[in-house]
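Visitor: Going down the list, the protein sequences come from chains X and U.
Residues in the first sequence are numbered consecutively from 1, following our numbering.
Residues in the second sequence are numbered consecutively from 1, following our numbering.
Before I ask anything, here is the structure I am working with.
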Amino acid sequence: MATDQKAEVKGEVGQALFEFLHMEMVSYLVSSKEKEDQGELISKLEALGYGVGARMMERSCRDVPRFRTELDAMVFLCKQFWVHLFNKQIDHLKTNNQDVFVLYDNNFRLLTHLTDSSQYSDELSRYVAFTSGILTGALSNLGIRSHISYEITKPPQCVFQVKVLL
Amino acid sequence: MTSYFVIVGHQDNPIFELDLSRTQDSGGANESRRHLNQFVAHASLDLVDEAKWQSGALYLKTVDRFNELIVTAFVTASQMRFLLVHDSSVRGQESIRAFFNDVYELFIKAILNPFYVPNTYIVSNNFKKKVQIVAKKHGVAL
């Protein structure tokens, strides 16, 4: 029993550490430039996320059989991959059956502890850029080139739109 | 006994190559054999891509033949293709499958290295040694 409790506590500490590290990463990048250049900051965060996403995907799809369609790959991403990252699944997945997928996360873990008012909605988009990079990297490792845009509707609810490039 | 193992990335670029054949004394014949191995592997990529859509399994067994050389393939969910070009002296689909699985484990550990740039050639000596040990263990190399 005691070892079970220790293992659970270890898991929670790991997740809290990542959230703190992520917050620090964003603050560091924001404060490292004198001029406020939002676009460059976002693309730096996305580039950081890209490498992480590619490696995480390689690890997550260890024993999984190959995906026949892009929809299968997206379902895997929403279910298993998101659980590996944030310990929860994507709440809702919509698709137009051609090349656009929309992922709804009603309680995005990296935003949960920040705020739930829409006062800071401009700054909040920085905290989602890294995760959007993770998604791009993960999809490119599966062989799917895509373009991801995101929108924070009402914090902590977040919507990712994946457009598959052909 | 010929045995040539290659991991092919998304742009058909080799991520890792290892020649596991019995070493011969004649240097010239070796060169041309190496080129032939690489050529056969590259030529079989089309067949691998065709076969991978037909089954969902990772291990694809024998995909192609060229004279006496046989190409066996293993494609992961992340679309990394592992190819083994060998002749009929390497026996046992099961041992080749076990070899591929072990190399897959080693491969995942190698790409988690933050110094490794994804989709480039793996230069780690450690990885090369470990693959050689695994190959010996499964009878794919001498």
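Every residue gets a Cβ at the ideal spot worked out from N, C-alpha and C, and that includes glycine.
By the 10 Å Cβ neighbour count, where 16 or more other Cβ atoms means buried, how is glutamate 58/X classified, buried or exposed?
Guide: The residue given as residue 58/X occupies position 58 in the first sequence. With 16 or more Cβ atoms within 10 Å of its Cβ, glutamate 58/X is classed as buried.
Visitor: So, is the C-beta of proline 65/X closer than 7 Å to a C-beta in chain U?
Guide: For this step, residue 65/X is matched to residue 65 along the first sequence. By this cut-off, proline 65/X is an interface position.
Visitor: Taking the alpha helix (DSSP H) that threonine 131/X belongs to, which residues open and close that run?
Guide: Against the first sequence, residue 131/X aligns to sequence position 131. Note, threonine 131/X: alpha helix (DSSP H), 126 to 141.
Visitor: I'd like to know whether the C-beta of leucine 112/U is nearer than 7 Å to at least one C-beta of chain X.
Guide: Taking the second sequence and counting its residues from 1, the one referred to as residue 112/U is at position 112. Cβ-Cβ to chain X under 7 Å: yes for leucine 112/U.
Visitor: In whole angstroms, give me the CA-to-CA distance for phenylalanine 66/U and leucine 20/U.
Guide: The sequence position of residue 66/U within the second sequence is 66, counting from 1. The sequence position of residue 20/U within the second sequence is 20, counting from 1. Between phenylalanine 66/U and leucine 20/U, the C-alpha separation is close to 18 Å.
Visitor: Hey, histidine 86/U and serine 32/U: beta-carbon distance below 7 Å or not?
Guide: Working through the second sequence from its first residue, we reach residue 86/U at position 86. Working through the second sequence from its first residue, we reach residue 32/U at position 32. No. Outside cutoff.
Visitor: So is glutamate 70/X in contact with chain U if we call contact Cβ pairs under 7 Å?
Guide: The residue you call residue 70/X lines up with position 70 of the first sequence. Not an interface residue.
Visitor: Could you list which residues in chain U have their beta carbon closer than 9 Å to that of glycine 143/X, in chain order?
Guide: Sequence index remark: in the first sequence, residue 143/X carries index 143 (1-based). Within chain U, the residues near glycine 143/X are His10, Ser78 and Gln79.
Visitor: Report the three-state DSSP secondary structure of arginine 145/X (helix, strand or coil).
Guide: Stepping through the first sequence from its first residue, residue 145/X is reached at position 145. The answer is coil: DSSP assigns arginine 145/X none of H, G, I, E or B.
Visitor: Using three-state DSSP, classify phenylalanine 81/X as helix, strand or coil.
Guide: Taking the first residue of the first sequence as 1, we reach residue 81/X at position 81. Three-state DSSP puts phenylalanine 81/X in a helix.
Visitor: Is there a Cβ from chain U that is less than 7 Å from the Cβ of arginine 126/X?
Guide: Position 126 of the first sequence, counted from the start, is the residue given in the question as residue 126/X. Not one chain U Cβ lies under 7 Å of arginine 126/X.
Visitor: I'd like to know whether the C-beta of glutamate 46/X is nearer than 7 Å to at least one C-beta of chain U.
Guide: The count along the first sequence starts at 1 and reaches residue 46/X at position 46. No, no contact with chain U.
Visitor: Kindly indicate which residue of Tyr127/X, Gln98/X, Tyr120/X and Leu110/X has the alpha-carbon position closest to the one of leucine 165/X.
Guide: Position 165 of the first sequence, counted from the first residue, corresponds to residue 165/X. Among Tyr127/X, Gln98/X, Tyr120/X and Leu110/X, the Cα nearest to that of leucine 165/X is on Gln98/X.
Visitor: Suppose you measure from the CA of threonine 69/X to the CA of asparagine 126/U; what does that come to, to the nearest Å?
Guide: Taking the first residue of the first sequence as position 1, residue 69/X is located at position 69. Taking the first residue of the second sequence as position 1, residue 126/U is located at position 126. Whole-angstrom Cα-Cα distance: 36 Å.
Visitor: Threshold first: 3 residues or longer. Then list the beta strand (DSSP E) segments lying entirely within the segment 32 to 73 of chain U, N to C.
Guide: The segment 32 to 73 of chain U contains these whole beta strand (DSSP E) runs: 59 to 66.
Visitor: Which residue wins for smallest C-alpha separation from threonine 72/U, given the options Thr120/U, Asn113/U and Gly92/U?
Guide: The residue labelled residue 72/U in the question sits at position 72 within the second sequence. When each option's Cα is compared against that of threonine 72/U, the closest is Gly92/U.
Visitor: Would you list the residues sitting across from tyrosine 116/U in a DSSP beta bridge?
Guide: Residue numbering aside, residue 116/U sits at position 116 when the second sequence is read from its first letter. In the DSSP output, where bridge partners are listed per residue, tyrosine 116/U has none listed.
Visitor: From which residue to which residue does the beta strand (DSSP E) around lysine 88/X run?
Guide: Mapped onto the first sequence, residue 88/X falls at position 88. Segment: none, lysine 88/X is in no beta strand (DSSP E) and carries neither H nor E.
Visitor: In whole angstroms, what separates the C-alpha of leucine 21/X from that of tyrosine 116/U?
Guide: The residue given as residue 21/X occupies position 21 in the first sequence. The residue given as residue 116/U occupies position 116 in the second sequence. Computed Cα separation, rounded: 22 Å.
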